[in-house]
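Novice: Take the sequence shown: its position 24, counted from the start at 1, is 24 in my numbering, and no numbers get skipped.
No residue lacks a Cβ here, since even glycine has one placed at the ideal position from N, Cα and C.
A quick note: this is a predicted structure, and the numbers were derived from the prediction, not measured.
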Amino acid sequence: MIVTGFRKFIKRPVWISLTVGSVGALVIAGFPWFALAGTTATATAGALYTAIGLKTHQTQSIDTGLSYFNDATKWYHTMIWACWPWKALDPHNTVLTLLEQSSHNLTMADTAIQRALPGINDLLGHLGFATPHHPDPPLSHAQMAAVLFQQLPTVNRLVNLFYPSLVQWNHWIQKIPMPNWLINQHRWHKFQQESQLLTADLHDIQSILPMIVKMVPAHGTRRYFLIYENTGELRATGGFMTAYSYVTFINGHLQPLHSHNIYNLQSEIRYRPPAPLIIHTYLYSPLWHLRDANTSPNVPTSVQQIYKFYNSIPHAPHVNGVIFVNTWLADAILQNIGGVTMPKTYNSLKVTAANANYEMEYMAERSPLPIPARKKFIAIMFHEVLHKLAHSPVPVLLATIHSVFRSLNHKDIIFYFNNPQVEEIAQTHNWAGTVDKHVHTDYLEVVDENLGGHKDNFYMHYHVTSRIKKIGSRYLQTTTVTWTNTGIFDNWLVVPYTSWVRFYVPYGSTLISLTGGNAITQDYNNRTLHKTVFGNHLTMPVRLTAQQSPTTASMTATYWLPAGLNMSRYVIQKQPGIKDDHELIIFNGHALPPFKLYTDTTVNLEPVHP
Numbered sequence: 001m002i003v004t005g006f007r008k009f010i011k012r013p014v015w016i017s018l019t020v021g022s023v024g025a026l027v028i029a030g031f032p033w034f035a036l037a038g039t040t041a042t043a044t045a046g047a048l049y050t051a052i053g054l055k056t057h058q059t060q061s062i063d064t065g066l067s068y069f070n071d072a073t074k075w076y077h078t079m080i081w082a083c084w085p086w087k088a089l090d091p092h093n094t095v096l097t098l099l100e101q102s103s104h105n106l107t108m109a110d111t112a113i114q115r116a117l118p119g120i121n122d123l124l125g126h127l128g129f130a131t132p133h134h135p136d137p138p139l140s141h142a143q144m145a146a147v148l149f150q151q152l153p154t155v156n157r158l159v160n161l162f163y164p165s166l167v168q169w170n171h172w173i174q175k176i177p178m179p180n181w182l183i184n185q186h187r188w189h190k191f192q193q194e195s196q197l198l199t200a201d202l203h204d205i206q207s208i209l210p211m212i213v214k215m216v217p218a219h220g221t222r223r224y225f226l227i228y229e230n231t232g233e234l235r236a237t238g239g240f241m242t243a244y245s246y247v248t249f250i251n252g253h254l255q256p257l258h259s260h261n262i263y264n265l266q267s268e269i270r271y272r273p274p275a276p277l278i279i280h281t282y283l284y285s286p287l288w289h290l291r292d293a294n295t296s297p298n299v300p301t302s303v304q305q306i307y308k309f310y311n312s313i314p315h316a317p318h319v320n321g322v323i324f325v326n327t328w329l330a331d332a333i334l335q336n337i338g339g340v341t342m343p344k345t346y347n348s349l350k351v352t353a354a355n356a357n358y359e360m361e362y363m364a365e366r367s368p369l370p371i372p373a374r375k376k377f378i379a380i381m382f383h384e385v386l387h388k389l390a391h392s393p394v395p396v397l398l399a400t401i402h403s404v405f406r407s408l409n410h411k412d413i414i415f416y417f418n419n420p421q422v423e424e425i426a427q428t429h430n431w432a433g434t435v436d437k438h439v440h441t442d443y444l445e446v447v448d449e450n451l452g453g454h455k456d457n458f459y460m461h462y463h464v465t466s467r468i469k470k471i472g473s474r475y476l477q478t479t480t481v482t483w484t485n486t487g488i489f490d491n492w493l494v495v496p497y498t499s500w501v502r503f504y505v506p507y508g509s510t511l512i513s514l515t516g517g518n519a520i521t522q523d524y525n526n527r528t529l530h531k532t533v534f535g536n537h538l539t540m541p542v543r544l545t546a547q548q549s550p551t552t553a554s555m556t557a558t559y560w561l562p563a564g565l566n567m568s569r570y571v572i573q574k575q576p577g578i579k580d581d582h583e584l585i586i587f588n589g590h591a592l593p594p595f596k597l598y599t600d601t602t603v604n605l606e607p608v609h610p
């Protein structure tokens, strides 16, 4: 039964506290043994949290666990009624106050559950779980995933129903002090962590579900062009576009995924414009190709360029949008689940977060396996990941959901939708990879594009220092980017680093100098993005042995900010695909606390604003 697991929390049997005579005696004596109520509360919360694990295809245990809310609520009400003499004598007693708060939280949770129970059973029935109204046979995990997408409106409704109660319940769990003689403190602390994580995950799910519901309608076909970006070879939107898939939903059902090399499309593309100057010069290609089309850090701009290539393919399947995912997402999920073991075709290779990037590169470029097996490596690894996730315990699932949303916020997953309403939702949550056009204060995005064709960015670290100084009525800014490459030359993954670097700064800024490059400096206004852009080419020396220090290089832009700019804030947007970016801001000689740039960040300059 589902509550068996909760007894691990408990050092003393719950039924002692439930004896009517004992309750009366304890109330009269005023001895706080009825704090055992916390045990019931623990079991109650655990019932809900463990229920979502769905370990079996039977909901009887789930229903039993959920029914504990109703029983616990009634018991709490009885305890409060029985303790009224003590409350009258000591109206400020903290234990009694805690009991009343617990009762209130339980009542809210129980009300939400009773309202949602028909919907829960209906959803579980559609997913292939045996319920009183759905005695259907179990579905495969693929079938469950397909049906789950079709049931998204129901999921959305249930999440919105439960979330307010869950927030209050978690708040109580986080602050309640459980006595050592009652609860194993280590397990209670772990339970608190899982409760916090579940609440955070449900908040994220609540945020994304409206977008997913519109993205996956119950009727009709929706197809999205899924692009895998290799962050080891950094590009403006996150990495080199190395492979693609079609994410297709037919009447709300997710269809099987198959990955393909991006180069496979090259022979079918009819649109072949001249390459931009930078690509022509440093990639030695007179023609522009789909694989290099993501040159703008503004994802909608890059997608429109990608569409020009894609739509020139005769009979190309219509797509409703583009989804970019990069290498760091795969690493995060593999970290959560402890890696996967590949089939015997791949010599039972163990793929982990530590070696996934290397193994995928080796499989693509150097493996002696037949080409068909090499091409299927990513798809099979993805299948193994999903299979292991489907058999993972609740804490692993919660951690994985958390990692996916962290990847969204860190721009390791980026959406573009043809539908303006859905695109607006993505942009509102900063999941669309857009350059902020409407910043009326200081602004910076540094864009680094690896043009060497190798994977140095797996080993690259960035330090960006912004020095801003008021001179007269204007502000002078000096921004220095320093690259540190810890990789060791192997003429495969690591070679002398070469890249095109751009500084996106407030529109109307005036360049004084750009040092550290070895080409002609670009200086122009991008009116579409409402930014001024400075750019130049960078090369780095290579590290030959482990005994040598990591190699470094720097590029510094010095420029006047436009007159009249509001200097109360500094907006720094993160380039997708950069994992280790350290920022330091020095404003009028005052150094602000340094920080790592995980996502787009707004720094308040007002405390040091003259």
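Which residue wins for smallest C-alpha separation from GLN573, given the options ASN347, LEU398, ARG366 and THR434?
Specialist: Of the candidates ASN347, LEU398, ARG366 and THR434, the one whose C-alpha sits nearest the C-alpha of GLN573 is THR434.
Novice: Can you name the start and end residues of the alpha helix (DSSP H) that GLU361 belongs to?
Specialist: Residues 356 to 365.
Novice: Take TYR263 as the anchor and find which of LEU334, PRO576 and ARG291 has the nearest alpha-carbon.
Specialist: The candidate whose alpha carbon is nearest that of TYR263 is ARG291.
Novice: Near VAL481, which residues of its chain fall below 6 Å by C-beta distance, leaving aside the five closest residues on each side in sequence?
Specialist: Once the five neighbours on either side are set aside, the close Cβ partners of VAL481 are VAL446, VAL464 and MET555.
Novice: Mapping the DSSP letters down to three states, classify PRO164 as helix, strand or coil.
Specialist: Helix.
Novice: Locate the alpha helix (DSSP H) running through ARG613, then write down its first and last residues.
Specialist: Only positions 1 to 610 of the chain appear in the structure, and residue 613 is not among them; the question remains open.
Novice: Assign GLN522 to one of three DSSP states: helix, strand, or coil.
Specialist: GLN522 falls in the strand class under three-state DSSP.
Novice: Would you call the CB atoms of LEU408 and VAL322 closer than 9 Å?
Specialist: It is not a contact, given that the beta carbons lie outside the stated cut-off.
Novice: Could you name the residues of the same chain whose beta carbon sits closer than 8 Å to that of GLN584, not counting the 5 residues immediately before and after it, in chain order?
Specialist: A small fix is needed here, since residue 584 is Leu in this sequence, not Gln. Same-chain partners within the cutoff: HIS463, VAL464, THR465, SER466, ALA591, LEU592 and PRO594.
Novice: By the three-class DSSP mapping on this structure, what secondary structure does PRO420 have?
Specialist: Of the three classes helix, strand and coil, the one that applies to PRO420 here is helix, per DSSP.
Novice: Give the straight-line distance between the Cα atoms of HIS429 and PRO210, rounded to the nearest whole angstrom.
Specialist: So the two alpha carbons sit approximately 12 Å from each other.
Novice: Identify whether LYS350 lies in helix, strand or coil by the three-state DSSP scheme.
Specialist: Here LYS350 sits in strand by DSSP.
Novice: Keeping to the same chain, check which residues put their C-beta closer than 7 Å to that of THR352; ignore five residues upstream and five downstream.
Specialist: Cβ within range, chain order: LEU334 and GLY339.
Novice: List the endpoints of the continuous alpha helix (DSSP H) containing ILE333.
Specialist: Where ILE333 is concerned, the enclosing alpha helix (DSSP H) stretches over 327 to 337.
Novice: Judging by CA-CA distance, which residue of GLU384, SER403 and GLY239 is the nearest neighbour of ASP331?
Specialist: The shortest C-alpha separation from ASP331 is found at SER403.
Novice: Could you give the distance in angstroms between the alpha-carbon of THR515 and the alpha-carbon of GLN477?
Specialist: Taking the straight line joining both Cα atoms gives about 14 Å.
Novice: Does the Cβ-Cβ distance between TRP500 and HIS537 come in under 9 Å?
Specialist: For TRP500 and HIS537, yes; Cβs fall inside 9 Å.
Novice: Do the segment 520 to 531 and the segment 483 to 495 make contact, defined as three or more Cβ pairs closer than 8 Å?
Specialist: Output reads no: the segment 483 to 495 does not touch the segment 520 to 531.
Novice: Does the segment 206 to 222 come close enough to the segment 247 to 264 to have 3 or more Cβ pairs within less than 8 Å?
Specialist: Verdict: yes, contact present.
Novice: Can you tell me where the beta strand (DSSP E) with LEU514 in it begins and where it stops?
Specialist: Looking at the DSSP string, the run of the beta strand (DSSP E) that includes LEU514 is 510 to 515.
Novice: Rounding to the nearest angstrom, what Cα-Cα distance links ILE578 and PHE191 in this structure?
Specialist: Cα-Cα distance, rounded: 34 Å.
Novice: Alpha helix (DSSP H) containing GLU384: first to last residue?
Specialist: 377 to 390 is the span of the alpha helix (DSSP H), which, as asked, contains GLU384.
Novice: With a floor of 3 residues, list each beta strand (DSSP E) that falls wholly inside the segment 473 to 511, ordered by position along the chain.
Specialist: Whole beta strand (DSSP E) segments, 3+ residues: 474 to 485 and 498 to 506.
Novice: In three-state DSSP terms, what is TRP560?
Specialist: TRP560: strand per DSSP, three-state reduction.
Novice: Which whole-angstrom value describes the C-beta separation of PRO297 and GLN575, a residue pair presumed to lie in contact below a C-beta threshold of 8 Å?
Specialist: About 6 Å separates the two Cβ atoms, so the contact holds.
Novice: Starting from MET241, follow its DSSP beta bridges and name the residues at the other end.
Specialist: According to DSSP, MET241 bridges with GLU229.
Novice: Can you give, in chain order, each stretch of the beta strand (DSSP E) that sits fully within the segment 266 to 335 and has at least 3 residues?
Specialist: 321 to 326, all fully within the segment 266 to 335.
Novice: Could you check what DSSP says for ALA218 in three-state terms: helix, strand or coil?
Specialist: In this structure, ALA218 counts as coil in the three-state DSSP scheme.
Novice: Counting only the same chain and skipping the five closest in sequence on each side, list residues whose C-beta sits under 8 Å from that of ASP580.
Specialist: Hits under 8 Å: MET460, HIS461, TYR462 and LYS596.
Novice: With DSSP run on the structure shown, which of helix, strand or coil describes ASP600?
Specialist: In the structure shown, ASP600 sits in coil (DSSP, three-state: anything other than H, G, I, E or B).
Novice: Below 9 Å between beta carbons: does that hold for THR539 and THR498?
Specialist: It is a contact, given that the beta carbons lie within the stated cut-off.
Novice: Between which two residues does the beta strand (DSSP E) carrying ASN566 extend?
Specialist: ASN566 -> beta strand (DSSP E) spans 566 to 572.
Novice: Restricting to Cα atoms, I'd like to know which of ASN418, THR327 and LYS455 is closest to ASP412.
Specialist: The candidate whose alpha carbon is nearest that of ASP412 is THR327.
Novice: Report yes if the C-beta distance between LEU444 and TYR570 is below 9 Å; otherwise report no.
Specialist: Yes.
Novice: With 16 other CB atoms within 10 Å as the buried threshold, where does GLU449 fall?
Specialist: Counting Cβ neighbours within 10 Å, GLU449 comes out buried, since at least 16 surround it.
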